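For the sequence shown, the positions run -6 to 267 when my numbering is used. Glycine is no exception: its CB is placed at the ideal position from the N, C-alpha and C atoms. Being a predicted model, the structure only gives us computed values, none of them experimental. These notes concern the structure reproduced below.
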Amino acid sequence: MDRADGVLVFAEHLSKRFNLEEGAFSRQDKTVYAVNDVSFNIFCGETYGLVGESGSGKTTCARLLIGMYRPSSGRILYCNGNDKTDITKLSRQGLKSYREKVKYVFQDPARSLNPRMSVYEILVSGLRHSSKWTGEEDALKKAKKIICEVGLTCEDLEKRPAEFSGGQRQRISIARGLIMDPELLICDEVVSALDVSIQAQILNLLNKIRRERKLSMLFITHDLKVACYFCDRIGVMHSGSIVEQAPAADLYKKARHQYTKLLFKGGAPGKADI
């Protein structure tokens, strides 16, 4: 398939293994598959959800997609017209250009936002070192537009992250991702650390943004009910593999895999995320 068929990203047979030493004096390595033969695609304008407990491999998938990790096997095709680019084979410069089209919003804005920088500097720092930089005056216009789009004010551009609540900081993180007009936004547990009422506000904001911008999203969460509300299609991950994949409405009505049913009941055990 290519972009003419509506597909933006193909992830094909992705695996990622990490070699962990079994002990300080051991000569043997233990291989752990964080992701094991995972395939999915994301259509233009679609929100695709990856759902699973902590340690299921969903964040590793996202980091493979953004190029933070190289897969042990498999490939990721990014479609642009009739051209398909395997991002796993890109040079450093090629990866930099790709990351202008694909942006990542992290779970914890308190850790991902530089506390010493103003909101304006946070928003334009990536833009300043990109091919889309057209000068300070234009950057300020973009920053003002974006900060208002996420529900904050132009006056907030002069403030620092510590002056905001958790929900407001997440809005700043989203604005930072949007300022370069990406085609794909990866949202990694962006509401999990927020109160329920604030979660709803952020989800409504993301819903408005994707609708107005016709933006594709990869939405990562441990909460299957939230994913069914927000996503178009969902892949359920368990122990590094996708065990079930379906449109959100179908999954909600008739989940087939036992693990998916367990997630709906909120009974899946947790463990350290990979």
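Option nearest residue i by Cα separation, candidates the options
i	options	result
G48	R249, Y252, S232	S232
V28	L199, G144, V236	V236
Y97	M61, E129, R249, K218	M61
I202	R56, R109, G38, Q238	G38
S124	Q161, R109, R164, P175	P175
M110	M210, Q86, E93, E156	E156
S99	R153, S158, G74, R164	What sits at residue 99 in the sequence shown is Phe, not Ser. Among R153, S158, G74, R164, the Cα nearest to that of F99 belongs to R164.
I80	E205, I69, S234, G170	I69
W126	E151, V143, S90, C147	S90
N73	V143, A103, V0	V0
E93	M173, K152, R249	M173
T214	A4, R56, V44	V44
S234	K246, Y252, L171, V219	Y252
Cα-Cα separation between residue i and residue j, rounded to whole angstroms
i	j	result
V112	L178	20 Å
I139	V183	18 Å
L133	K51	35 Å
R121	A239	40 Å
E46	D149	36 Å
N197	K23	43 Å
R(-4)	M230	Low per-residue confidence applies at R(-4): pLDDT is 40, beneath 50, and the placement is therefore not dependable, though the value from the model is reported in the following sentence. Distance between the alpha carbons of R(-4) and M230: 26 Å.
N200	L83	32 Å
K254	L217	10 Å
K258	L13	33 Å
S118	C221	34 Å
A193	S185	11 Å
In DSSP terms, what residue i is bridged to
i	result
V25	F11
H231	S234
S166	Bridge partners of S166: none, in fact.
L177	V95, S209
N197	Beta-bridge pairing links N197 to no other residue.
L328	Summary: the structure shown does not reach residue 328, with the chain confined to residues -6 through 267, and so no result is reported for it.
G42	F212, I227
K77	C72
N34	F3
Close beta carbons around residue i, own chain, < 7 Å, minus the five adjacent residues each side
i	result
H6	D30, S32, S66, G67
C224	T40, Y41, G42, F212, A241
L106	I115, P154, R162, I165, S166
R63	T81
Buried/exposed call for residue i, threshold 16 Cβ in 10 Å
i	result
V25	exposed
K207	exposed
V2	buried
P108	exposed
S169	For clarity, residue 169 is Arg in the given sequence; the question names Ser instead. The residue in question, R169, is buried, as its Cβ has 16 or more Cβ neighbours within 10 Å.
V95	buried
V268	The structure shown does not extend to residue 268, since the chain is modelled only from -6 to 267, so the question has no answer here.
D76	exposed
Own chain, CB closer than 6 Å to residue i, minus 5 neighbours either side, in chain order
i	result
E130	none
I191	G160
L244	I227
T53	K9, A27, V28, I267
Beta-carbon contacts of residue i that lie in its chain and below 8 Å, excluding the five residues immediately before and after
i	result
S19	Reliability of the predicted coordinates at S19 is poor, the pLDDT of 49 falling under 50, and no value is obtained from them.
C147	K137, I140, C141
R56	Y62
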